[in-house]
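Number of protein chains: 2
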Amino acid sequence: MLNLRDKIIEQSLILFDENGFHGVTVKQIVEASNTSKGGFYHHFHSKEELLFVIHDAFITYVSKEAKAANETHTSPVEKIQAIIRSFVKVFDLYKPHISVFYQESMYLKQEYEQQIKKKRDEFKQMILQVIEEGQRMGYFRKELPPILTGMAILGMVNWIYKWYRRDGEYSIDEIADVFIDLILHSLLPSVEGEYRSQMLTIPFFYDKK
Amino acid sequence: MLNLRDKIIEQSLILFDENGFHGVTVKQIVEASNTSKGGFYHHFHSKEELLFVIHDAFITYVSKEAKAANETHTSPVEKIQAIIRSFVKVFDLYKPHISVFYQESMYLKQEYEQQIKKKRDEFKQMILQVIEEGQRMGYFRKELPPILTGMAILGMVNWIYKWYRRDGEYSIDEIADVFIDLILHSLLPSVEGEYRSQMLTIPFFYDKK
DNA sequence: ATGTAAAGACCGACTGGTTGGTCTGTAGTG
DNA sequence: CACTACAGACCAACCAGTCGGTCTTTACAT
Numbered sequence: 002m003l004n005l006r007d008k009i010i011e012q013s014l015i016l017f018d019e020n021g022f023h024g025v026t027v028k029q030i031v032e033a034s035n036t037s038k039g040g041f042y043h044h045f046h047s048k049e050e051l052l053f054v055i056h057d058a059f060i061t062y063v064s065k066e067a068k069a070a071n072e073t074h075t076s077p078v079e080k081i082q083a084i085i086r087s088f089v090k091v092f093d094l095y096k097p098h099i100s101v102f103y104q105e106s107m108y109l110k111q112e113y114e115q116q117i118k119k120k121r122d123e124f125k126q127m128i129l130q131v132i133e134e135g136q137r138m139g140y141f142r143k144e145l146p147p148i149l150t151g152m153a154i155l156g157m158v159n160w161i162y163k164w165y166r167r168d169g170e171y172s173i174d175e176i177a178d179v180f181i182d183l184i185l186h187s188l189l190p191s192v193e194g195e196y197r198s199q200m201l202t203i204p205f206f207y208d209k210k
Numbered sequence: 002m003l004n005l006r007d008k009i010i011e012q013s014l015i016l017f018d019e020n021g022f023h024g025v026t027v028k029q030i031v032e033a034s035n036t037s038k039g040g041f042y043h044h045f046h047s048k049e050e051l052l053f054v055i056h057d058a059f060i061t062y063v064s065k066e067a068k069a070a071n072e073t074h075t076s077p078v079e080k081i082q083a084i085i086r087s088f089v090k091v092f093d094l095y096k097p098h099i100s101v102f103y104q105e106s107m108y109l110k111q112e113y114e115q116q117i118k119k120k121r122d123e124f125k126q127m128i129l130q131v132i133e134e135g136q137r138m139g140y141f142r143k144e145l146p147p148i149l150t151g152m153a154i155l156g157m158v159n160w161i162y163k164w165y166r167r168d169g170e171y172s173i174d175e176i177a178d179v180f181i182d183l184i185l186h187s188l189l190p191s192v193e194g195e196y197r198s199q200m201l202t203i204p205f206f207y208d209k210k
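Structure representation (structure tokens):
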């Protein structure tokens with residue numbers, strides 16, 4: 002069984018997801034976790050620290066995954082594929098964390114916010130690097146401004162948290178397939194060629210007429 | 002000079018943008034607007050109605066623009082270009098509205114929320130239709146699932162509100178250029194051809210090496 | 001094994017400040 | 001006079017956080 006601290010996090014995640022950070026009182030959290038104010042404040046200095054803990058757990062995970070993907074592959078094309086895939090899949094694993102992350106990050110106090118921002122920027126930086134590397138090595142179209150391209154990728158993936166449902170029409174893997182395909186079509190040069198057609202074949206939806 | 006109602010909206014937009022809806026009190030709004038509680042509640046039934054008014058102003062505008070773009074063009078390619086462009090440009094015009102729109106929409110009560118959702122869905126529907134139309138007419142790759150493609154587009158554009166600054170490196174028009182290029186590269190078939198290369202020539206960043 | 005003391009975990013009534021919203025009043029206008 | 005547009009004192013509810021205290025586990029000496 003979970004210890005109290007984890008149970009509080011788990012329950013508050015559910016509540017925040019439904020009602021937003023400001024739509025949930027400590028009393029509600031405490032009741033849902035079958036504990037008391039005392040129990041809560043024994044584990045967290047403030048309601049806001051709980052918010053931070055949730056943020057941190059998520060961004061730490063994403064950053065770690067991306068680093069791994071970055072290191073296990075050598076070609077920029079494979080790197081970006083792996084990063085996108087692991088990033089997309091996070092939205093299945095960490096959905097409630099992410100809702101809180103994007104909805105309520107502005108209510109984090111300076112001190113907390115800076116820690117989060119640091120890790121978030123690290124992640125952003127990694128994507129940027131892969132794009133630039135891919136351009137230098139001639140895999141990706143050189144005319145694209147890396148920053149805007151990176152923000153476009155981040156945006157389309159991040160937005161998933163607004164619409165993804167586990168019981169939705171497409172599985173998270175299918176979403177990853179399509180998104181990777183869209184992104185590669187944007188990044189790779191238009192000229193038809195061996196390499197391009199090889200990289201652009203993604204199973205699940207290509208057989209549809 | 003603005004009437005009081007507009008002044009309250011204007012000022013609260015600035016405050017919400019900086020501190021979030023829950024980070025701003027009615028008292029602060031009232032002081033920033035050089036008025037009183039009485040003044041505020043004369044024009045709005047509640048703080049939440051103000052939130053709704055802000056939401057509504059924005060989504061109504063976007064939806065209207067998109068409809069216009071949809072009607073003045075015939076080719077799906079031109080349609081999507083025009084819709085994306087006008088949509089992207091909204092982020093320059095309505096930045097504070099949009100921050101509030103995406104950050105705080107969950108705090109709208111049922112009644113308000115449904116009105117907003119309706120208009121938002123209309124807009125989403127329009128993009129979907131253009132994609133499907135483009136596929137049927139053979140302009141866009143038929144293997145792409147329209148819903149996922151639509152959500153990807155919506156995501157990359159919507160996310161702009163998280164990072165766009167007026168004094169940033171790229172102008173809103175340049176951002177629109179790049180995003181349209183990325184999207185068209187994703188949508189159009191890979192095969193090199195007259196039409197494709199014609200549609201994919203966007204001035205500002207193609208001369209960079 | 002047993003007694004004991006200290007630390008850690010948890011309880012829940014209480015509080016003090018805050019906040020959205022109300023209500024009565026009033027200045028100006030037609 | 002009637003009506004709109006606003007002023008500002010006031011209120012009731014709420015809510016994050018506190019604090020004194022209890023129960024449970026651990027640590028160690030006898």
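As they're listed, the protein sequences go chains A and B. The first sequence maps to residues 2 to 210 in our numbering. The second sequence maps to residues 2 to 210 in our numbering. The beta carbon of each residue, even a glycine, is placed where N, CA and C say it ideally should be.
I'd like to check one pair, residue j with residue i: are the Cβ atoms closer than 8 Å?
i	j	result
H56(B)	L14(B)	no
I184(B)	K90(B)	no
A69(B)	M127(B)	no
H186(B)	H186(A)	yes
Y162(A)	F92(A)	yes
V27(A)	F41(A)	yes
F141(B)	P77(B)	yes
A177(B)	R86(B)	yes
S191(B)	S47(A)	no
Does residue i come out as helix, strand or coil in the three-state DSSP assignment?
i	result
W160(A)	coil
P97(A)	helix
R137(B)	helix
N20(A)	helix
L149(A)	helix
I203(B)	Residue confidence for I203(B) is low, a pLDDT of 47 falling below 50, so the modelled location carries little weight; the figure read from the coordinates is stated next. I203(B) falls in the coil class under three-state DSSP.
I9(B)	helix
T36(A)	coil
H44(B)	helix
D168(B)	coil
S106(B)	helix
L14(B)	helix
L51(A)	helix
P190(B)	coil
D208(B)	At D208(B), the pLDDT of 48 sits below 50, so the modelled position is not reliable; the number obtained from the coordinates is stated separately. DSSP places D208(B) in coil when its eight states are reduced to three.
T61(B)	helix
K118(A)	helix
V25(B)	coil
K143(A)	coil
L185(B)	helix
L3(A)	coil
Among the options, whose alpha-carbon lies nearest the alpha-carbon of residue i?
i	options	result
Q104(A)	D7(A), Q111(A), N159(A)	N159(A)
S100(B)	F59(B), R6(B), I154(B)	F59(B)
G156(A)	D168(A), E32(A), F88(A), M138(A)	F88(A)
Y62(B)	N35(B), H98(B), Y42(B), S37(B)	H98(B)
L51(B)	A33(B), I154(B), E32(B), R6(B)	R6(B)
K8(A)	F22(A), H23(A), T26(A), V31(A)	V31(A)
Y165(A)	M138(A), K96(A), K118(A)	K96(A)
E123(A)	L3(A), K65(A), S106(A)	K65(A)
N35(A)	R137(A), K125(A), E11(A)	E11(A)
Y171(B)	L145(A), L94(A), S191(A)	L145(A)
E112(A)	R86(A), R167(A), E49(A)	E49(A)
I154(B)	V179(B), E175(B), L16(B)	V179(B)
G139(B)	L3(B), F45(B), E79(B), L189(B)	L189(B)
K125(A)	F45(A), N71(A), K143(A), A33(A)	N71(A)
R167(B)	L3(B), L94(B), N20(B)	L94(B)
H44(B)	Q115(B), A33(B), N4(B), L16(B)	N4(B)
N20(B)	K143(A), S106(A), R137(A)	S106(A)
If I'm right that residue i touches residue j with Cβ under 8 Å, what's the distance once you round it to whole angstroms?
i	j	result
V131(A)	I181(A)	Actually they do not touch by this definition, with Cβ atoms about 13 Å apart.
I81(A)	G151(A)	That belief does not hold up - the Cβ atoms of I81(A) and G151(A) are roughly 10 Å apart, past 8 Å.
L1(A)	I117(A)	A query on residue 1(A) cannot be resolved here, the shown segment of chain A reaching from 2 to 210 and no further.
Taking only runs that begin and end inside the segment 65-95 of chain A, name each unbroken alpha helix (DSSP H) of 4 or more residues, in chain order. Runs found: 77-94.
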